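The next block holds one structure in the form of structure tokens; read it before the comments.
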Amino acid sequence: MPNIQTQKLELANFPAKKDGYLFEYIATQKDGRESLISVKFEDKRFFLVLIKRENDYLIKADKLSKISPIFIIKDALKAFCDLHSLDLTFSNIGGKKSPILTNKNDHILKDIEFFANEFKSSKEIWVEIGFGSGRHLLHQAKENPNIQFIGLEIHTPSIEQVIKQCKLQEIDNILICKFDARVFLELLPSNSVGKIFIHFPVPWDKKPHRRVINQTFIEESIRVLKKDGTLELRTDSQNYYEYSYNLFSSLNKVEFIIRKNINLPISSKYEDRWKKMEKNIYDLILVNQITSEKKEFKSSMNFSKNIDISKLKNGFENLVIKGDDFFIHFEKLYQCSGNCAVLKLSFGAFERCEHKYLIFNNNKIQYFPNDSLPTKQSLKSHQIIEEFLYDRYNSS
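Following our numbering, the numbering of the sequence shown begins with 26 at its first residue and continues without gaps.
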């Protein structure tokens, strides 16, 4: 993670601008040890984290609001350094800009808000989850030019590699999103997907709750798949294969195909490695037999009630609220000057939660770095978040 370190720091008066970066305000925890610095660059906004340690200061990228391309954050840290004339004791913000993710009008890489609010396709959709090196995704896209492919991946170097190959090979039917696949499917229309590929997912044998495939994921996959569409798992892990087989078998009406050590037209670098090790390769393919009802998407995640910011600042406490299938964790409060505060929280389903900030500015409350996705658990959590904040910190 990009960061700089210095022994001395005297903060400028915010807002302050340097090299195109606007440092808007600073919000600090009550004990003074950790702060968030709001940064605006062109149409992007994110936080830097300032940590006051025993003998020095650490300024780093905020993981939750981190944006792409990463050079924007590195340049923000450099601008912060120049603004304050810092004498650095450590820095890792050097290096060249990536030529792959610098085009803000890139037609391949899309954020989750695009899929939540704008995405439409007249083509059949195929989704690959965790595409890694991208060999399989690129091969399928070239072989099926009339299909709209969506690749989901959280590993930035893998994303950059596939975008580069799309441009070199002039492939124009792939969209990429850096997001959790377990939530992503909730945003797709019913009966719109022909195939879902999950090739060599992390087995998570010691943390099975982190697996992509679970009961909820299978239900969402069946909803978005067309009749006779397929969910295709390919794995070298016998544990993952058996776990998925048991989940598939528990469905009331199901057809699935089992294959072992069958070669595909294209092989990933991991598969090549497993074959050299003479490991077994399992294919478990669920064939959807259901035409699902159309899903109504609810998108109201706004706050309609006013909160007394002074009550929030004086009375905040770290708190967890648990329901049957969701939770809310109010984690940290950062206080700004005036009628402003930033609250860090996590909420949603136990196995796939969201992490957000809530920014309180006068009578306005909003999620940051983006609006919360209107999933079933998030909508339930949002309603309770608003009711809880109003009941405890109402302005009456």
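Ideal Cβ positions, reconstructed from N, Cα and C, are used throughout, including at glycine. Please read all numbers here as calculations on a predicted model, not as lab measurements.
| Check | Outcome |
| --- | --- |
| Through-space distance from isoleucine 118 to asparagine 28, alpha-carbon basis | 7 Å |
| Under the three-state DSSP convention, the category asparagine 386 falls into | strand |
| DSSP-derived helix/strand/coil call for glycine 176 | strand |
| Sequence-distant residues of the same chain with beta carbon closer than 8 Å to glutamine 305, five excluded per side | Just to set this straight, residue 305 is asparagine in the shown sequence, not glutamine. Taken in chain order, the residues that qualify are Asp261, Gln263, Lys285 and Asn286. |
| Ordered list of beta strand (DSSP E) runs contained in the segment 198–235, each at least 3 residues | 199–202 and 218–224 |
| Pick from Val218, Leu134, Ile223 and Phe144 that is closest to glutamine 186, judged by C-alpha positions | Leu134 |
| Glutamate 267 versus aspartate 308 - alpha carbon distance | 11 Å |
| Option nearest cysteine 106 by Cα separation, candidates Lys91, Asn142, Ile291 and Asp44 | Asp44 |
| Presumed contact (8 Å Cβ cut-off) between arginine 160 and isoleucine 291, rounded CB distance | 5 Å |
| Buried or exposed by the 16-neighbour rule on C-beta atoms within 10 Å, applied to threonine 114 | exposed |
| Cα-Cα separation, glutamate 274 to isoleucine 243 | For clarity, residue 274 is serine in the given sequence; the question names glutamate instead. Rounded to the nearest angstrom, the two C-alpha atoms are 11 Å apart. |
| Cβ contact (3+ pairs, closer than 8 Å) linking the segment 325–332 and the segment 213–233 | no |
| With 16 other Cβ atoms within 10 Å as the buried cut-off, status of alanine 37 | exposed |
| Which of helix, strand or coil DSSP assigns to cysteine 106 | helix |
| Spatial neighbours of lysine 33 in its chain, beta-carbon cut-off 6 Å, leaving aside the 5 residues before and after | none |
| Threonine 53 beta carbon less than 9 Å from that of leucine 111 | no |
| Among Asp68, Ser217, Asp205 and Pro94, nearest to serine 317 - alpha-carbon criterion | Ser217 |
| Segments assigned alpha helix (DSSP H), at least 4 residues, entirely inside the segment 293–361 | 294–301 and 334–340 |
| Rounded straight-line distance, which links the Cα of asparagine 171 to that of arginine 422 | No answer is possible for residue 422: it lies beyond the span of the chain, which begins at 26 and ends at 421. |
| C-beta contact flag for valine 237 and serine 215 at 9 Å | no |
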